[in-house]
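First to last, the protein sequences are chains W and V. Numbering-wise, the working numbering puts 256 at position 256 of the first sequence, and it's gapless, one number per residue. Start counting at 1 in the second sequence, then tack on 283, and there's your number in the working numbering. The beta carbon of each residue, even a glycine, is placed where N, CA and C say it ideally should be. First up is the structure itself, then whatever we jot down about it.
Protein chains: 2
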Amino acid sequence: MLTNDKKILIVGLGLIGGSYAQALKRRGFSVGAVTRSQGSIDYALKEGLIDRGMTEVDPDYIAGYDIVVFALYPGVLLKWIEANQQYIKSGALLTDVTGVKSKIVYKVQAMLRPDLEFVGAHPMAGREVGGVRNADCSIFQGANYIVTPTAANTEAAIADVEELGRVLGFARISRLNPELHDEMIGFLSQLTHCIAVALMTCREVEHLSAYTGDSFRDLTRIARINDEMWSELFLLNKDVLLEQIDLFAGQMQAIREAVANSDTDLLRELMRQSTERRALFDK
Amino acid sequence: MLTNDKKILIVGLGLIGGSYAQALKRRGFSVGAVTRSQGSIDYALKEGLIDRGMTEVDPDYIAGYDIVVFALYPGVLLKWIEANQQYIKSGALLTDVTGVKSKIVYKVQAMLRPDLEFVGAHPMAGREVGGVRNADCSIFQGANYIVTPTAANTEAAIADVEELGRVLGFARISRLNPELHDEMIGFLSQLTHCIAVALMTCREVEHLSAYTGDSFRDLTRIARINDEMWSELFLLNKDVLLEQIDLFAGQMQAIREAVANSDTDLLRELMRQSTERRALFDK
């Protein structure tokens, strides 16, 4: 049971780690952090996001926590667990916030000590700015949270990670296996980031801001992108992402042909379908 | 000079026509309307958006206005002017809100009585919902307004249409010739609408709403699209739109190749360029 007498350690105090910390502190949990930068810890202590923080992995400190949340880049996460899982308290529950799952969850579970349990999770929330100084747990309000259990997980641990999503304030908690998760995210999130970057880089745009309407702004908000993290996420989900790009590119070509052929009927049919479907996605 | 003793007639009382009326009434102008639906007129009168409205083209009524704003679909606009310009007061200033210019402005100016002047304009604002009942002039706040003069226009009339944009509340008023306007809009607005429709129609998406983050919502807000108006606008700007689709599609393929080749350096370079450029587009 995820009661707030559980002590929670956040590993990686960036935008998402910091927002987790803020939400959990407000709900009465004791929250610790391990992160590289002393400045991030100082800020989080001053703002009351955490109770304690360290830049080094101190075995006694790590061993004091019942739940460990990894809010790291994917490659760093795998290395951290490999190097430091020996210090984690027996029976602890581990989870993460990583944007891809198949290439992470199974590797973590395969290397994990048998007395620890890891349940993957993906909070579908973010901002165009990073770092703990931009932490803001209101980004979880109304947002989706996906838990990605495998056959290696117990129902009790899955339920606790789902409850963590509710405690953080997410509106909708879902379960997907890692493969289905990655397919959804390849389409909904990775493809959309590719599109935003392509729009922003396909031609000189510097002088266009005086002529922009909201549509271009909407489509490129996420063109402000953390290049280190997203390039890593793209390549960890390469096959799925290529498929989604091809699906989308094929439909762009169909629209192109309809325009080229002045096929008003087809254009209007696609626009009506698009309008009808979009209604399902209002928050 | 655009002083508020000028009487302004809005032809077509939809979302944009209604929002113009609301803004102009608030600034003390006398505002009339001609539109097809008596219900729209009744609503606009009740809400104080207009002083008077008619569903028929009454010559005496039309002749009472100094400025005529056409907020009609492109094809309807051309027919209306052809049929009814004879009733407009000599010396009146005409303008519009149409989303494409080359195929409209020159035709209007070619057919217009010599004692009337038409200066094209494009308010870069809108909503996902249409109709006068959704009129809201706050959509002009912070938005761009483009005036598209030609060699047929006088500086005085251009200045009045620019002043109209300021009176309506637009933040930035620009001048572009019709061809440059259409190229900008083909990229910034029409291409983005094609992308939104393609995203929404390239695969089954009905069950995905539980897994969506804000990025997919952002990129598809404009997937709610008026199919009659937008298909007409696309075809009126066909050559430009096809060029912009090809530019964008080429860049999507470049990103696809970078992913396929695990070319992290290229991906990160594109993402950094994208991030830097996007900063120019914040409102």
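Q) Are any of the Cβ atoms in chain V nearer than 8 Å to that of TRP80 of chain W? A) Chain V contact via Cβ: absent.
Q. Between the Cα of ALA493 of chain V and the Cα atoms of W:ILE41, W:GLY142 and W:ASP60, which residue gives the shortest distance?
A. Closest option to ALA493 of chain V, Cα to Cα, is W:GLY142.
Q) For HIS122 of chain W, is the classification buried or exposed, using 16 other Cβ atoms within 10 angstroms of its Cβ as the cut-off for buried? A) Buried, since its Cβ has 16 or more Cβ neighbours within 10 Å.
Q.
Let me make sure I understand the geometry here. Which of W:ARG172, W:SER37 and W:VAL100 has the alpha-carbon closest to that of GLY120 of chain W?
A. It is W:VAL100 whose Cα lies nearest to the Cα of GLY120 of chain W.
Q: Would you kindly check if the distance between the Cβ of MET483 of chain V and the Cβ of ALA454 of chain V is under 8 Å?
A: Cβ atoms of ALA454 of chain V and MET483 of chain V: not closer than 8 Å.
Q) Are the C-beta of ASN417 of chain V and some C-beta of chain W separated by less than 8 Å? A) Chain W, which has no Cβ nearer than 8 Å to the Cβ of ASN417 of chain V, makes this no.
Q: Determine whether the Cβ of ASP5 of chain W lies closer than 8 Å to any Cβ atom of chain V.
A: Not one chain V Cβ lies under 8 Å of ASP5 of chain W.
Q. Which residues does DSSP pair with GLY120 of chain W in a beta bridge?
A. In the DSSP assignment, GLY120 of chain W forms a beta bridge with W:THR148.
Q. Would LEU208 of chain W pass as a contact of LEU471 of chain V if the rule is Cβ separation under 8 Å?
A. It is a contact, given that the beta carbons lie within the stated cut-off.
Q: Determine the direct distance from the alpha carbon of LEU93 of chain W to that of PHE70 of chain W, and round the result to whole angstroms.
A: So the two alpha carbons sit approximately 11 Å from each other.
Q) Residues of chain W with a CB under 8 Å from the CB of LEU471 of chain V: which are they? A) Taking a Cβ-Cβ cut-off of 8 Å, the neighbours of LEU471 of chain V in chain W comprise LEU208, TYR211, THR212, GLY213, SER215 and PHE216, given in sequence order.
Q. Candidates V:ASN367, V:ASN427 and V:GLU559: which alpha carbon is nearest GLY213 of chain W's?
A. The shortest C-alpha separation from GLY213 of chain W is found at V:ASN427.
(Q) At the level of alpha carbons, what is the spacing between PRO59 of chain W and TYR87 of chain W? (A) If you take the alpha carbons of PRO59 of chain W and TYR87 of chain W, they lie about 5 Å apart.
Q.
Which runs of the alpha helix (DSSP H) at least 4 residues long sit entirely within the stretch 184-237 of chain W? Give them in chain order.
A. Complete alpha helix (DSSP H) runs here, min 4: 192-201, 214-220 and 227-236.
Q) How many whole angstroms separate the CB atoms of GLU183 of chain W and VAL240 of chain W, which I take to be in contact at a CB cut-off of 8 Å? A) With a contact defined as Cβ atoms closer than 8 Å, GLU183 of chain W and VAL240 of chain W qualify at about 5 Å.
Q. Quick one, which of V:VAL391, V:GLU411, V:ARG555 and V:VAL488 has its alpha-carbon nearest ASN436 of chain V's?
A. Checking every option, the nearest Cα to that of ASN436 of chain V belongs to V:VAL391.
Q: Decide if the stretch 39-59 of chain W is in contact with the stretch 157-172 of chain W; the criterion is three or more beta carbon pairs, one per stretch, under 8 Å apart.
A: Counting Cβ pairs under 8 Å, fewer than three are found: no touch.
Q: Between the Cα of ARG217 of chain W and those of V:MET407, V:LEU285 and V:LEU332, spot the shortest distance and give me the residue it belongs to.
A: Closest option to ARG217 of chain W, Cα to Cα, is V:MET407.
Q.
Looking at chain V, is there any beta carbon in it that lies within less than 8 Å of the beta carbon of THR95 of chain W?
A. So no, THR95 of chain W is outside the interface.
Q) If we count Cβ pairs, one from each stretch, closer than 8 Å, do we get three or more for the stretch 60-79 of chain W versus the stretch 38-48 of chain W? A) Under the Cβ criterion (8 Å, minimum of three pairs), the stretch 60-79 of chain W does not count as touching the stretch 38-48 of chain W.
Q. Counting only beta-carbon atoms, is ARG175 of chain W nearer than 8 Å to chain V?
A. The Cβ of ARG175 of chain W sits no closer than 8 Å to any Cβ of chain V.
Q. What is the residue span of the beta strand (DSSP E) that MET54 of chain W lies within?
A. 52-54 is the extent of the beta strand (DSSP E) around MET54 of chain W.
Q) Taking the alpha carbon of ALA316 of chain V as the point to measure from, which residue in V:ARG309, V:GLN534, V:GLY414 and V:GLY300 has its own alpha carbon closest? A) Here the closest residue by C-alpha is V:GLY300.
Q. Does THR433 of chain V come within less than 8 Å of chain W when only Cβ atoms are used?
A. No, its Cβ sits nowhere closer than 8 Å to a Cβ of chain W.
(Q) Can you give me the C-alpha to C-alpha distance between LEU49 of chain W and ILE245 of chain W, rounded to a whole angstrom? (A) Roughly 39 Å between the two C-alpha positions.
Q) Counting contacts by CB-CB distance shorter than 8 Å, is ARG166 of chain W in contact with chain V? A) Not one chain V Cβ lies under 8 Å of ARG166 of chain W.
Q) Since LYS290 of chain V is in the beta strand (DSSP E), which residue starts that stretch and which ends it? A) Unbroken beta strand (DSSP E) run through LYS290 of chain V: 290-294.
Q | Residues of its chain near PHE423 of chain V, where Cβ-Cβ distance is below 6 Å and the 5 sequence neighbours each way are ignored | A | If we look at PHE423 of chain V and ignore the five residues flanking it on each side, its Cβ neighbours are ALA408, LEU451, GLY452 and PHE453.
Q) Got a sec? Which residues, its chain only, sit under 7 Å from THR220 of chain W by beta carbon, not counting five neighbours each side? A) Short of 7 Å from the beta carbon of THR220 of chain W, and not among the five residues preceding or following it, lie these beta carbons of its own chain, in chain order: ALA196, LEU199 and MET200.
Q.
Considering just the uninterrupted stretch of the alpha helix (DSSP H) at ILE23 of chain W, what are its terminal residues?
A. First, the residue type needs correcting, since residue 23 of chain W is Ala and not Ile in the sequence shown. Segment 15-26, the alpha helix (DSSP H) holding ALA23 of chain W.
Q) Applying a beta-carbon distance threshold of less than 7 Å, which residues of chain W neighbour PHE353 of chain V? A) In chain order: nothing, as chain W lies at least about 19 Å away.
Q: Please confirm if PHE564 of chain V has its CB atom under 8 Å from at least one CB of chain W.
A: Interface residue, yes.
Q: Check distances from the C-beta atoms of the stretch 221-235 of chain W to those of chain V and list, in chain order, the residues that come in under 9 Å.
A: Answer in chain order: ARG221, ILE222, ALA223, ARG224, ILE225, ASN226, ASP227, GLU228, TRP230, SER231, GLU232, PHE234 and LEU235.
Q: Drop a sphere of 10 angstroms on the beta-carbon of LEU280 of chain W, count the other beta-carbons inside from all chains shown, and report buried for 16 or more, exposed for fewer.
A: By the neighbour-count criterion, in which a residue is buried when 16 or more other Cβ atoms sit within 10 angstroms of its Cβ, LEU280 of chain W is exposed.
**Q.** Residue-chain proximity (LEU270 of chain W, chain V), Cβ-Cβ < 8 Å
**A.** Among the CB atoms of chain V, one or more fall inside 8 Å of the CB of LEU270 of chain W.
Q) By Cβ distance below 8 Å, which residues in the same chain neighbour GLU511 of chain V in space, the five residues on each side in sequence not counted? A) Cβ within range, chain order: TYR356.
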